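K.L.:
I have a structure I would like to understand better, so I am pasting it below and will then ask my questions one at a time.
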Amino acid sequence: MAEASNGTRGGDLRSQAASLDVDENEESSEVFLSVLVHHDQVGLSFYDSKDCTLYVMPDTVDNRDLSLLDRILQELSPRVLITSAKQDRSLARFIRALGSNPDYRPETVVYPNADFGLEVSKQRLLSAHLPFLPPSIAEKDRLPYLSSCIPFDSALMVRTIGALLKCLDRRRVGVELEERGMPVPILRFLTYTLSDVVYMDKDAYSVLQIFKFEQHPSVYKLQSGQKEGLSLYGILNRCRCKFGSGLLRKWFHRPTRDLSVLRRRQEVIRFFTSPRNSELMKTLQSFLRNIMNIPVLLRKMSLSHTKVVDWQNLYKTMYSSVGIRDTVRSLPQTIHLFRQISEEFTDDLHYIATLISKVVDFEGSLAENRFTVKPNVDPAIDEKKRRMMGLSDFLTDVARAELENLDSRFSSCSVLYIPLIGFLLSVPRLPGMVEKENFEIEGLDFIFVSEDRLHYRSARTKELDSMLGDLHCDIRDMEMAVMTQLQATVLQRSSCLYKIVALYAELDCLMSLAQASQDYGYCAPTYTERSRLNLQHARHPLLELCAPVYVSNPCVCSDTEGKVKVITGPNSSGKSIYLKQVGLIAFMALIGSDVPAKEAEIGLIDGIFTRMQSRESVSVGLSTFMIDLNQMAQALNYSTGMSLVLVDEFGKGTNTVDGLSLLAACLNHWLNRAPAQCPLVFLATNFHSVLQLDLLPRSPLLSLLTLETAIDGEELIFLYQLKEGICQSSHAANIATLAGLPPAVVQRGLEVSDLYRTGRTIQRIDQPSSEELITRCESVVEKFLSLDLDDPSTDLQSFLKDDLLQTIGEAL
Numbered sequence: 001m002a003e004a005s006n007g008t009r010g011g012d013l014r015s016q017a018a019s020l021d022v023d024e025n026e027e028s029s030e031v032f033l034s035v036l037v038h039h040d041q042v043g044l045s046f047y048d049s050k051d052c053t054l055y056v057m058p059d060t061v062d063n064r065d066l067s068l069l070d071r072i073l074q075e076l077s078p079r080v081l082i083t084s085a086k087q088d089r090s091l092a093r094f095i096r097a098l099g100s101n102p103d104y105r106p107e108t109v110v111y112p113n114a115d116f117g118l119e120v121s122k123q124r125l126l127s128a129h130l131p132f133l134p135p136s137i138a139e140k141d142r143l144p145y146l147s148s149c150i151p152f153d154s155a156l157m158v159r160t161i162g163a164l165l166k167c168l169d170r171r172r173v174g175v176e177l178e179e180r181g182m183p184v185p186i187l188r189f190l191t192y193t194l195s196d197v198v199y200m201d202k203d204a205y206s207v208l209q210i211f212k213f214e215q216h217p218s219v220y221k222l223q224s225g226q227k228e229g230l231s232l233y234g235i236l237n238r239c240r241c242k243f244g245s246g247l248l249r250k251w252f253h254r255p256t257r258d259l260s261v262l263r264r265r266q267e268v269i270r271f272f273t274s275p276r277n278s279e280l281m282k283t284l285q286s287f288l289r290n291i292m293n294i295p296v297l298l299r300k301m302s303l304s305h306t307k308v309v310d311w312q313n314l315y316k317t318m319y320s321s322v323g324i325r326d327t328v329r330s331l332p333q334t335i336h337l338f339r340q341i342s343e344e345f346t347d348d349l350h351y352i353a354t355l356i357s358k359v360v361d362f363e364g365s366l367a368e369n370r371f372t373v374k375p376n377v378d379p380a381i382d383e384k385k386r387r388m389m390g391l392s393d394f395l396t397d398v399a400r401a402e403l404e405n406l407d408s409r410f411s412s413c414s415v416l417y418i419p420l421i422g423f424l425l426s427v428p429r430l431p432g433m434v435e436k437e438n439f440e441i442e443g444l445d446f447i448f449v450s451e452d453r454l455h456y457r458s459a460r461t462k463e464l465d466s467m468l469g470d471l472h473c474d475i476r477d478m479e480m481a482v483m484t485q486l487q488a489t490v491l492q493r494s495s496c497l498y499k500i501v502a503l504y505a506e507l508d509c510l511m512s513l514a515q516a517s518q519d520y521g522y523c524a525p526t527y528t529e530r531s532r533l534n535l536q537h538a539r540h541p542l543l544e545l546c547a548p549v550y551v552s553n554p555c556v557c558s559d560t561e562g563k564v565k566v567i568t569g570p571n572s573s574g575k576s577i578y579l580k581q582v583g584l585i586a587f588m589a590l591i592g593s594d595v596p597a598k599e600a601e602i603g604l605i606d607g608i609f610t611r612m613q614s615r616e617s618v619s620v621g622l623s624t625f626m627i628d629l630n631q632m633a634q635a636l637n638y639s640t641g642m643s644l645v646l647v648d649e650f651g652k653g654t655n656t657v658d659g660l661s662l663l664a665a666c667l668n669h670w671l672n673r674a675p676a677q678c679p680l681v682f683l684a685t686n687f688h689s690v691l692q693l694d695l696l697p698r699s700p701l702l703s704l705l706t707l708e709t710a711i712d713g714e715e716l717i718f719l720y721q722l723k724e725g726i727c728q729s730s731h732a733a734n735i736a737t738l739a740g741l742p743p744a745v746v747q748r749g750l751e752v753s754d755l756y757r758t759g760r761t762i763q764r765i766d767q768p769s770s771e772e773l774i775t776r777c778e779s780v781v782e783k784f785l786s787l788d789l790d791d792p793s794t795d796l797q798s799f800l801k802d803d804l805l806q807t808i809g810e811a812l
């Protein structure tokens, strides 16, 4: 709907950079970027003053360092960066780093969080100066119209628009010299994606079942806990470490069309799908199980909150890292990832692992539940521990000497060492010692009573306190100092940890995809930069795990033929499954995975647009049709010649004629484009009239397909086999019978359908049929004809009242 909306900002920039004859006097572009980050999600919008275009980017997953946002800033170089005063910690850290960059420092504008409110942003958008809107559009219709241009389900992105519009109005961007009443113009909306990132609408993740959350079966997590159900992510995620699972999820949220990245991933997957390398994969996966959450461990170290288990986890990570390094170095270094791991594994990692091994006494730490160091690390600690070890025998000798100086009433005594208190003389409590006054003993200072024993400080114990000090506390303090020094050393060399763990996460992801490929019999796709799909014996990766027998189907479309496929067939014949199969295979190829087919050649798709419904989002009536229109408008406006568009049952939920007309108009719009600009369209419909009434142009881009069925008597058999042609009948009655509708209902449906098709009157179900009505009328006529008026015994009044009128009433 917004003019010139086909394409993305990234593509525009690439074409501008490629152009060599740019006018030097041309007005430079000023970009105002508004951004929000929340829970690893980035939402942004920006305004380009050069062409008065507002670009939006749907909410996207980013990592803790906001590397995606960093790439966006490198590509856009905005003059003004707008954000909220209530920031996510990662964004605050990112902005601080940006401010210390001497090469590029955009102006940072901070607005109160209220200016980023969702409703505030929608109201500002509705009141903005949008010249491209049709002049006849009413105020109440502006929001539905704009929802076809902007994905309003991306809440962060919508919130950034509000603050962006506020900044533009305050600075009067582009209208500085105009009258005060002149608003900042927005001539069009465009979706922004990076040059190598594939656009995915949010519904695609649901309808294609790429992710699917279910309630956790545990009674403890039933209310709040969730787990991954049957989904593409669920069957492909075989990662052994948390970092691997997190990275794989980010790959799913941000599929790429960067051919170099996809080929690098594929070379690792191909290596591990080879049966001869399966043992190597098991070895590496066993090491990866011990790779712990390094950022959390390092953060605890920086706050001095490290526990014994944290040191254990860090040591396990370092030890396993060395094992992975040694294994990878024996693998072919021609593979990019293997070479990276070998090169990035610096001496710092080996040094940290060795240092932890030499310093930390894990057995003693577990026994005392605190950090302890091994012998020969610090001579002073060793000396104090030696004294501590010999303290028991020494105190026994002291106790014997003390007993000789005690009152003869005491037959035994002992000398104890209690941390933080010191050395004490302990004697049994005598029967006469009841009150505190009875505890006084000459030459001793009473301290406390415990379990019928009295504890005193004698001259000898005081001497021991001054001579030996608080050994236990001294040892703990000295070991804490060693731990602090060790933490500082680890943190000083921690940069290498982040690098190597990121590489191990990538290795974990690719081995996960390789294992899934082995288990399910996938094949490596061949990538092409042309707009085409060639899938032989393709399968639905999820349904084949649930169905005892799955029928594979091909998908062939080139950049000049068969790019728009219209698929007809009865309900339940497999149309929707085929569409999802194509979408899932294309998506799998865009994350670098092998795909469920025998052969696969796949173009570098730049976006996947869906107009389908999942079970969770089924609705009826006008709301369904409005969702249809918004989704189709985005597919029509933003799809390019390299996009994949999946449309299922467009037009239902409204008048049949209206739905059929809009469907034909959408298909004509795509088919009338040049072949290079026509997206790959897969459209399933029960509007057979769109073909039977010849509403579509004849074009090599158009391909008509149907799902094959067979009739055995009155039974409809689904063959689930794709073939060229169109469906001649919906087989609605057979489908209804298979669905379990009563035979009488099905028969009535057939009768009404036949009457409607032939233009005859449809009788109410409680009225007699036409044939029965004729039979009854004939019986009335026969009664008239049988009446003998010449017979004197004939009672005409009685005949008319009791006999004839009753018969006519029954007949009519």
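Every letter in the sequence shown is one number past the one before it in full-length UniProt numbering, and letter 291, counting from 1, is 291. Ideal Cβ placement from N, Cα and C applies to all residues, glycine included. In this text, all values refer to a predicted model and were calculated from it rather than measured experimentally.
#1: Measure the beta-carbon distance from L787 to F799 and round it to whole angstroms, keeping in mind my assumption that it falls under 8 Å.
#2: Secondary structure at N405, three-state DSSP: helix, strand or coil?
#3: Check each candidate in S231, L194, K300 and T737 and name the one with the smallest Cα separation from A204.
#4: Taking Cβ positions, are I567 and L755 nearer each other than 7 Å?
#5: Are the Cβ atoms of I161 and S121 separated by less than 7 Å?
#6: Could you give the residue range of the alpha helix (DSSP H) that holds M588?
#7: Would G592 pass as a contact of R265 if the rule is Cβ separation under 7 Å?
#8: Count the other CB atoms, across all protein chains shown, that sit within 10 Å of the CB of F213; report buried if there are 16 or more and exposed otherwise.
#9: Go through its chain and collect everything with a Cβ distance to D382's Cβ below 8 Å, but skip five positions before and after it.
#10: Considering only the alpha carbon of each residue, which of A481, P554, V268 and K563 lies closest to D378?
#11: Could you compute how far the alpha carbon of L622 sits from the alpha carbon of M612?
#12: Flag this pair as touching only if the segment 169 to 176 and the segment 55 to 63 have three or more C-beta atom pairs under 8 Å; answer yes or no.
#13: With a Cβ-Cβ cutoff of 7 Å, do I762 and M200 count as a contact?
#14: Considering only residues of the same chain and omitting the five flanking positions on each side of L579, which have a CB-CB separation below 6 Å?
#15: Nearest to P675 by CA position, among T775, G562, R79 and E601, is which residue?
#16: CB-CB under 7 Å to R615, same chain, minus the five flanking residues each way: which ones, in chain order?
#17: Using beta-carbon positions only, say whether L187 and C52 come within less than 7 Å of one another.
#18: Measuring straight from C-alpha to C-alpha, what distance separates R760 and M632?
#19: Which of the three DSSP states, helix, strand or coil, is assigned to E616?
#20: Could you tell me the distance, in whole angstroms, from the CA atom of L66 to the CA atom of D361?
#21: Along the chain, where does the alpha helix (DSSP H) that runs through L737 open and close?
#22: DSSP on M200, reduced to helix/strand/coil?
#23: Are the C-beta atoms of V308 and some chain B residue less than 7 Å apart?
#24: For the putative contact between M301 and T317, defined by C-beta atoms under 8 Å, what is the C-beta separation to the nearest angstrom?
#25: Could you compute how far the alpha carbon of E404 sits from the alpha carbon of L471?
#26: I think N113 touches A85, with their Cβ atoms under 8 Å apart; what is that distance to the nearest whole Å?
#27: On the CB-based measure, 16 or more other CB atoms within 10 Å of its CB, does R96 come out buried or exposed?
#28: Do Q581 and H537 have their C-beta atoms within less than 7 Å of each other?
#29: Do you know how far the Cα of D508 is from the Cα of F287?
#30: Measuring alpha carbon to alpha carbon, tell me which residue in R409, A459, A401 and N438 is nearest V422.
#31: So, for V427: in the same chain, excluding its five sequence neighbours on each side, which residues have a beta-carbon less than 6 Å away from its beta-carbon?
#32: Could you check if V657 is buried or exposed, using at least 16 other CB atoms within 10 Å of its CB as the buried criterion?
#33: May I ask you to report which of helix, strand or coil DSSP gives R188?
#34: Can you tell which of V56, G641, R289 and K384 has its C-alpha closest to the C-alpha of V31?
#35: Note down, in chain order, each residue of its chain lying with its Cβ closer than 7 Å to the Cβ of Q797, except the 5 sequence neighbours on either side.
#36: DSSP puts S450 in a beta bridge; with which residues?
P.N.:
Quick answer:
#1: Walking along the sequence shown from the start, residue 787 turns up at place 787. Walking along the sequence shown from the start, residue 799 turns up at place 799. Indeed, because the Cβ distance is near 6 Å, the residues count as touching under 8 Å.
#2: Your numbering for residue 405 matches position 405 in the sequence shown. N405 falls in the helix class under three-state DSSP.
#3: Against the sequence shown, residue 204 aligns to sequence position 204. Ranking S231, L194, K300 and T737 by Cα distance to A204 puts S231 first.
#4: Taking the sequence shown and counting its residues from 1, one reaches residue 567 at position 567. Taking the sequence shown and counting its residues from 1, one reaches residue 755 at position 755. Against a cut-off of 7 Å, the Cβ pair of L755 and I567 comes out as no contact.
#5: Residue mapping note: residue 161 aligns to position 161 of the sequence shown, counting from 1. Residue mapping note: residue 121 aligns to position 121 of the sequence shown, counting from 1. A contact, by the Cβ cut-off of 7 Å.
#6: Within the sequence shown, residue 588 is the residue found at index 588, counting from 1. Counting along the chain, the alpha helix (DSSP H) containing M588 begins and ends at K575 to L590.
#7: Here the question's residue 592 lines up with position 592 in the sequence shown. Here the question's residue 265 lines up with position 265 in the sequence shown. Their beta carbons are under 7 Å apart, which means G592 touches R265 by this criterion.
#8: As a working note, residue 213 is residue 213 in the sequence shown. F213 sits exposed, since fewer than 16 C-beta atoms from the chains shown fall within 10 Å of its C-beta.
#9: As a working mapping, residue 382 is identified with position 382 in the sequence shown. Cβ within range, chain order: P375 and N376.
#10: Taking the first residue of the sequence shown as position 1, residue 378 is located at position 378. Considering only alpha carbons, the answer is A481.
#11: Start at 1 with the first residue of the sequence shown, and residue 622 comes out as number 622. Start at 1 with the first residue of the sequence shown, and residue 612 comes out as number 612. Residue confidence is low: L622 scores 41 on pLDDT, short of 50, so the model does not pin down where it sits. No coordinate-derived value is stated.
#12: Three or more Cβ pairs closer than 8 Å define a contact, and the segment 169 to 176 falls short of that threshold against the segment 55 to 63.
#13: Numbered from its first residue, the sequence shown carries residue 762 at position 762. Numbered from its first residue, the sequence shown carries residue 200 at position 200. Cβ atoms of I762 and M200: not closer than 7 Å.
#14: Within the sequence shown, residue 579 is the residue found at index 579, counting from 1. For L579, where only same-chain residues beyond five positions count, the Cβ hits under 6 Å are L646, D648, F682 and A684.
#15: Indexing the sequence shown from 1 puts residue 675 at position 675. Among T775, G562, R79 and E601, the Cα nearest to that of P675 is on G562.
#16: As a working note, residue 615 is residue 615 in the sequence shown. Residue placement at R615 is poorly supported in this model, since its pLDDT is 43, which falls under 50; the coordinates are not used for a value here.
#17: Stepping through the sequence shown from its first residue, residue 187 is reached at position 187. Stepping through the sequence shown from its first residue, residue 52 is reached at position 52. Cβ atoms of L187 and C52: closer than 7 Å.
#18: In the sequence shown, the residue the question calls residue 760 occupies position 760. In the sequence shown, the residue the question calls residue 632 occupies position 632. One C-alpha to the other measures close to 37 Å.
#19: Position 616 of the sequence shown holds residue 616. In this prediction, E616 has a pLDDT of 42, which is less than 50 and means its spatial position is unreliable; nothing more can be read from the coordinates.
#20: Numbered from 1 along the sequence shown, position 66 holds the residue referred to as residue 66. Numbered from 1 along the sequence shown, position 361 holds the residue referred to as residue 361. L66 and D361: Cα-Cα distance of roughly 38 Å.
#21: Taking the first residue of the sequence shown as position 1, residue 737 is located at position 737. The displayed chain sequence assigns Thr, not Leu, to residue 737. Segment A732 to L738, the alpha helix (DSSP H) holding T737.
#22: Looking up residue 200 in the sequence shown gives position 200. M200: strand per DSSP, three-state reduction.
#23: No chain B appears in this structure, which consists of one protein chain only.
#24: By one-based count along the sequence shown, residue 301 stands at place 301. By one-based count along the sequence shown, residue 317 stands at place 317. Wrong, their Cβ atoms sit about 13 Å apart, outside the cutoff.
#25: In the sequence shown, the residue the question calls residue 404 occupies position 404. In the sequence shown, the residue the question calls residue 471 occupies position 471. Cα to Cα, E404 sits roughly 27 Å from L471.
#26: Here the question's residue 113 lines up with position 113 in the sequence shown. Here the question's residue 85 lines up with position 85 in the sequence shown. Their Cβ separation, rounded to whole angstroms, is 6 Å, which keeps N113 and A85 in contact under 8 Å.
#27: Taking the sequence shown and counting its residues from 1, the one referred to as residue 96 is at position 96. It is exposed - the Cβ of R96 has fewer than 16 other Cβ atoms within 10 Å.
#28: As a first step, residue 581 is located in the sequence shown; it is residue number 581 there, counting from the start. As a first step, residue 537 is located in the sequence shown; it is residue number 537 there, counting from the start. No. Outside cutoff.
#29: On the sequence shown, residue 287 is found 287 positions in, with the first residue counted as 1. On the sequence shown, residue 508 is found 508 positions in, with the first residue counted as 1. If I take the Cα positions, the gap works out to 10 Å.
#30: Working through the sequence shown from its first residue, we reach residue 422 at position 422. Residue 422 is actually Gly in this sequence, not Val. Checked all of R409, A459, A401 and N438; the closest Cα to G422 is A459.
#31: Translated into the one-based positions of the sequence shown, residue 427 becomes position 427. Exclusion of the five residues before and after V427 leaves F410, C413 and L454 as the residues of its chain whose Cβ lies within less than 6 Å of its Cβ.
#32: Residue numbering aside, residue 657 sits at position 657 when the sequence shown is read from its first letter. Exposed is the call here.
#33: As a working note, residue 188 is residue 188 in the sequence shown. DSSP places R188 in strand when its eight states are reduced to three.
#34: Counting from 1 along the sequence shown, the entry for residue 31 is found at position 31. That would be V56, whose Cα lies nearest to the Cα of V31.
#35: Within the sequence shown, numbered from 1, the residue matching residue 797 stands at position 797. Excluding residues within five positions, none has a Cβ falling inside 7 Å.
#36: For the purposes of this step, residue 450 is taken as the residue at position 450 of the sequence shown. Answer is R453.
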